[in-house]
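To start, the structure itself, in structure tokens.
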Amino acid sequence: QGVAQGRTWARPEAEAGAMVQGVVIEDGKIVVVDPATGEVVGRVPVSSAEEVGAVIARAKAAQVAWAERSLAERGALLKEACKKLAESQEELAKTIVKEMGKVLAEAIEEVGGAVAKDDFIDLVVEANKPIVMNEGKSIVIRQPHGVVSICAPWNFPADELLLLAIPALVAGNTVVVKPSEVAPMTGAKVMEALMAVLPSGVANLVQGDGVVGGALVQHPDVAMCAMTGSSATGKTIMESCSNTLKRLVLELGGKDPMVVFADADLDKAAEDAVAFSLMNCGQVCCSIERIYIEDGAQEVFEKKVVEKAKSWKVGNGFHAESKVGPLVSEMQRAMVAKHVDCAVSGGAKLLYKSEVPEGSGNFYPVTVLSNLKQEMEIQKEETFGPVVAIASFDGSESSAIALANDTPYGLAACVYSKDAAKARRVSRQIRAGQVGINSYPLAVAPLSCPWVGHKGSGFGYHSGPDGWRQFSMPQSLVSEEPLVEATA
């Protein structure tokens with residue numbers, strides 16, 4: 005077992021135990037397995053309790069000097085670090101495919117976003133600038149928290165790490181990053197670039213499972229914890245941080261609805277329904293997981309969905325013709341199969357099921373289901389797989405809103421209708437952080453939009469000026485005399 009500041013974070017076995025997504029730890033090393041082939045592609049040493057403590061101490065020692073550098077200097081160094089990461093861009097994309105299975109085109113897109121961060125960094129810097137008020141007699145400045153622990157997810161193991169680390173670092177914090185044990189090699193490559201450019205101790209890496217994560221979030225010298233991952237893990241972190249009131253940013257799970265009225269552009273709606281149910285093999289917190297089509301348009305819509313789904317071929321992520329890779333693990337494949345099988349046995353209609361490669365690998369067919377009922381497990385719990393899940397509704401705005409909100413989650417949603425006023429009315433009543441109107445929000449939202457989880461989908465949030473500012477605390481400097489020259 006691992007013990008951190010009074011709370012036990014248990015590893016199932018002393019030497020070999022199941023972890024997130026069934027990852028195995030053997031002889032003190034994470035065994036990294038290619039989900040497409042079952043082959044071991046790496047073994048990554050797990051950080052010991054002593055190593056975790058030493059890393060946090062190093063981050064604490066480096067924090068004051070880092071915070072004393074100007075905002076502009078911190079931003080410039082982070083831009084340089086992202087350019088350093090670009091030097092290994094191709095290798096990084098291939099590592100993502102090997103570790104978690106997404107198709108190479110998607111991995112290349114993710115890495116491209118990870119290295120092209122100049123505009124993002126400029127916006128974060130701007131959000132952290134002092135605010136002058138009252139003719140210069142009051143100034144609101146930002147103060148860093150100190151050491152920030154970051155637990156990165158496996159489904160976007162490069163870019164999500166940076167979406168949390170960059171705002172923390174711009175604000176003057178130092179960071180200790182634990183990549184997901186599913187994708188430790190990707191996380192290590194990203195951190196190598198940061199550590200090569202930033203001053204010693206500013207960006208730090210530890211590796212491991214929940215024991216290591218627990219040691220991070222419980223450590224008294226860690227002032228803030230940021231994590232993207234499951235709601236269950238988020239609740240555990242929140243409970244663990246409560247004794248010392250650590251600051252938190254948690255982006256958690258979702259069960260995102262898509263509402264399609266009969267007056268919508270059904271071709272566009274069907275295209276988006278398929279693309280954003282199947283992207284990354286459906287393993288996205290904001291995947292479309294519940295589709296509600298108005299009764300009168302159901303038959304036409306479903307035919308369009310099936311035709312579009314047929315073009316999404318399942319296969320090894322390195323094969324150019326593949327659009328859907330394997331699921332990340334056998335555990336996840338079994339979960340998706342359970343949701344689908346239970347739905348079909350409960351009366352759902354199987355409209356389409358694709359072929360999958362023969363032999364080893366955690367492949368699951370692209371599946372289109374219809375006639376789903378709200379009480380089914382597939383409508384209640386995160387599926388996280390390549391399933392297009394369709395139910396119908398009576399076409400009323402009240403039914404659409406009630407069905408969309410019938411979930412403990414509230415990450416994202418979509419509403420499709422040519423009646424702009426109706427689409428806005430329905431969107432504003434959905435309890436979700438971001439709602440796309442005739443669009444998928446993740447695909448069209450600008451960098452300056454916050455990424456917020458309502459209800460069980462998060463606590464705190466990142467992105468957008470308000471989100472970036474959560475990685476620091478405001479301090480008001482006030483005086484009867486001007487502190488700075490007032491600006492117009």
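All you need for my numbering is the position in the sequence shown, starting with 1, plus 4.
Every residue, glycine too, gets a C-beta built ideally from N, C-alpha and C.
Bear in mind the structure is a predicted one, so any value in this text is a computation, not a measurement.
(request) Express the C-alpha separation of Ile241 and Gly218 in angstroms, rounding to a whole number. (result) Reading the sequence shown from its first residue, position 214 is the one you call residue 218. Reading the sequence shown from its first residue, position 237 is the one you call residue 241. The alpha-carbon atoms of Gly218 and Ile241 are separated by roughly 8 angstroms.
(request) Write down every uninterrupted run of the alpha helix (DSSP H) in the segment 285–340 whose length is 4 residues or greater and which is fully enclosed by it, in chain order. (result) 302–313
(request) For the segment 309–326 and the segment 448–458, state whether three or more C-beta atom pairs, one from each stretch, are separated by less than 8 angstroms. (result) no
(message) Quick check on Arg47: does DSSP put it in helix, strand or coil?
(response) As a working note, residue 47 is residue 43 in the sequence shown. Three-state result, Arg47: strand.
(message) Using only CA atoms, which one of Arg251, Glu185, Ala97 and Gly117 lies nearest to Gly471?
(response) As a position in the sequence shown, residue 471 is number 467, starting the count at 1. The shortest Cα separation from Gly471 among Arg251, Glu185, Ala97 and Gly117 belongs to Arg251.
(request) Starting from the C-beta of Leu256, find all residues in its chain whose C-beta is less than 6 angstroms away, skip the five residues before and the five after it, and write them out in chain order. (result) Working through the sequence shown from its first residue, we reach residue 256 at position 252. So the list reads Ser235, Gly238, Gly457, Ser461 and Gly462, once near-sequence residues are dropped.
(request) Mind checking who Tyr413 pairs with in its DSSP beta bridge? (result) The residue you call residue 413 lines up with position 409 of the sequence shown. The partner list for Tyr413 (beta bridge, DSSP) reads Lys459.
(message) In the DSSP output, which residue or residues are listed as bridge partners for Cys245?
(response) By 1-based counting over the sequence shown, the position of residue 245 is 241. According to DSSP, Cys245 bridges with nothing at all.
(request) State the DSSP-derived secondary structure class of Met380, mapped to helix, strand or coil. (result) For the purposes of this step, residue 380 is taken as residue 376 along the sequence shown, with counting starting at 1. Coil.
(request) Would you tell me roughly how many angstroms separate the C-alpha atoms of Gly41 and Ala109, rounded to the nearest one? (result) Here residue 41 corresponds to residue number 37 of the sequence shown, with the count starting at 1. Here residue 109 corresponds to residue number 105 of the sequence shown, with the count starting at 1. Sequence inspection shows Thr at residue 41; the Gly mentioned does not correspond to that position. Cα-Cα distance, rounded: 19 angstroms.
(message) On the CB-based measure, 16 or more other CB atoms within 10 Å of its CB, does Ile135 come out buried or exposed?
(response) If you number the sequence shown from 1, residue 135 lands on position 131. When all chains shown are included, Ile135 counts as exposed.
(message) With H, G and I counted as helix, E and B as strand and the rest as coil, what does DSSP make of Ile4?
(response) Lying before the first or after the last residue shown, residue 4 is absent from the chain, which here runs from 5 to 492.
(request) Starting from Val56, trace the alpha helix (DSSP H) both ways and give me its first and last residue. (result) Looking up residue 56 in the sequence shown gives position 52. First-last of the alpha helix (DSSP H) with Val56: Ala53 to Glu72.
(request) Just mark Glu293 as buried or exposed, buried being the case when its beta carbon has 16 or more other beta carbons within 10 Å. (result) Taking the sequence shown and counting its residues from 1, the one referred to as residue 293 is at position 289. Classification of Glu293: buried, given that the 10 Å Cβ count is 16 or more.
(message) Is the separation between the beta-carbon of Thr562 and that of Thr232 shorter than 9 angstroms?
(response) No answer is possible for residue 562: the residues shown for the chain start at 5 and end at 492.
(message) Under 8 angstroms: do the segment 82–89 and the segment 199–208 share three or more Cβ pairs, one atom per stretch?
(response) yes
(request) For the alpha helix (DSSP H) holding Val201, just list the boundary residues, first then last. (result) Within the sequence shown, the letter at position 197 stands for residue 201. Pro188 to Val201 is the span of the alpha helix (DSSP H), which, as asked, contains Val201.
(message) Taking 9 angstroms as the threshold (C-beta atoms), are Ser396 and Asp299 in contact?
(response) If you number the sequence shown from 1, residue 299 lands on position 295. If you number the sequence shown from 1, residue 396 lands on position 392. Yes, they are a contact pair.
(request) Assign Arg432 to one of two classes, buried (16 or more other C-beta atoms within 10 Å of its C-beta) or exposed (fewer than that). (result) Looking up residue 432 in the sequence shown gives position 428. Classification of Arg432: exposed, given that the 10 Å Cβ count is below 16.
(message) In this structure, how does DSSP classify Ser480 when only helix, strand and coil are distinguished?
(response) For the purposes of this step, residue 480 is taken as residue 476 along the sequence shown, with counting starting at 1. Reduced to three states, the DSSP call for Ser480 is strand.
(message) Closest to Val391 by C-alpha separation, out of Ser52, Ile60 and Ala352, would be which residue?
(response) Position 387 of the sequence shown, counting from 1, holds the residue named residue 391. Per the Cα distances, Ala352.
(request) Could you check which residue in Ser333, Tyr444, Ile112 and Gly117 has the C-alpha nearest to that of Ala273? (result) Mapped onto the sequence shown, residue 273 falls at position 269. The shortest C-alpha to C-alpha distance from Ala273 to any of Ser333, Tyr444, Ile112 and Gly117 is the one to Tyr444.
(message) Between the alpha carbons of Asp260 and Leu220, how many angstroms are there, rounded?
(response) Within the sequence shown, the letter at position 256 stands for residue 260. Within the sequence shown, the letter at position 216 stands for residue 220. Asp260 and Leu220: Cα-Cα distance of roughly 31 angstroms.
(message) Within the continuous beta strand (DSSP E) that includes Arg146, where are the two ends?
(response) Translated into the one-based positions of the sequence shown, residue 146 becomes position 142. Start and end: Ser142 to Pro148.
(message) Nearest by alpha-carbon distance to Gln474: which of Gly365, Gly329 and Val152 is it?
(response) Working through the sequence shown from its first residue, we reach residue 474 at position 470. The shortest Cα separation from Gln474 among Gly365, Gly329 and Val152 belongs to Val152.
(request) Select from Glu243, Ser204, Lys33 and Pro361 the residue whose C-alpha is nearest the C-alpha of Gln222. (result) If you number the sequence shown from 1, residue 222 lands on position 218. It is Glu243 whose Cα lies nearest to the Cα of Gln222.
(request) Find the nearest neighbour of Val372 within the set Pro161, Asp423, Lys314 and Met335, judged by alpha-carbon distance. (result) Here residue 372 refers to the residue found at position 368 of the sequence shown. Comparing Cα-Cα distances from Val372 to each of Pro161, Asp423, Lys314 and Met335, the minimum goes to Lys314.
(request) Throw me the rounded Cβ distance for the Gly212 and Lys182 pair, which I believe falls under 8 angstroms. (result) Within the sequence shown, the letter at position 208 stands for residue 212. Within the sequence shown, the letter at position 178 stands for residue 182. Yes, Gly212 and Lys182 are in contact; Cβ-Cβ is about 7 angstroms, under 8 angstroms.
(message) Just to confirm the assignment, what range does the alpha helix (DSSP H) spanning Gln93 have?
(response) The residue given as residue 93 occupies position 89 in the sequence shown. Taken as a continuous stretch (DSSP letters only), the alpha helix (DSSP H) holding Gln93 covers Gln93 to Met104.
(message) When you compare the segment 418–425 with the segment 354–367, are there three or more beta-carbon pairs, one atom per stretch, that lie closer than 8 angstroms?
(response) By the Cβ test, the segment 418–425 is not in contact with the segment 354–367, since fewer than three Cβ pairs between them sit closer than 8 angstroms.
(message) Please classify Glu185 as buried or exposed, where buried requires at least 16 neighbouring CB atoms within 10 angstroms.
(response) Indexing the sequence shown from 1 puts residue 185 at position 181. Answer is buried; the Cβ neighbour count reaches 16.
(request) Pick helix, strand or coil for Arg251, following the three-state DSSP scheme. (result) Here residue 251 corresponds to residue number 247 of the sequence shown, with the count starting at 1. Strand.
(message) Using a 10 Å radius around the Cβ and a threshold of 16 neighbouring Cβ atoms, would you call Met495 buried or exposed?
(response) Residue 495 lies beyond the range of the chain shown here (5 to 492); nothing can be said about it.
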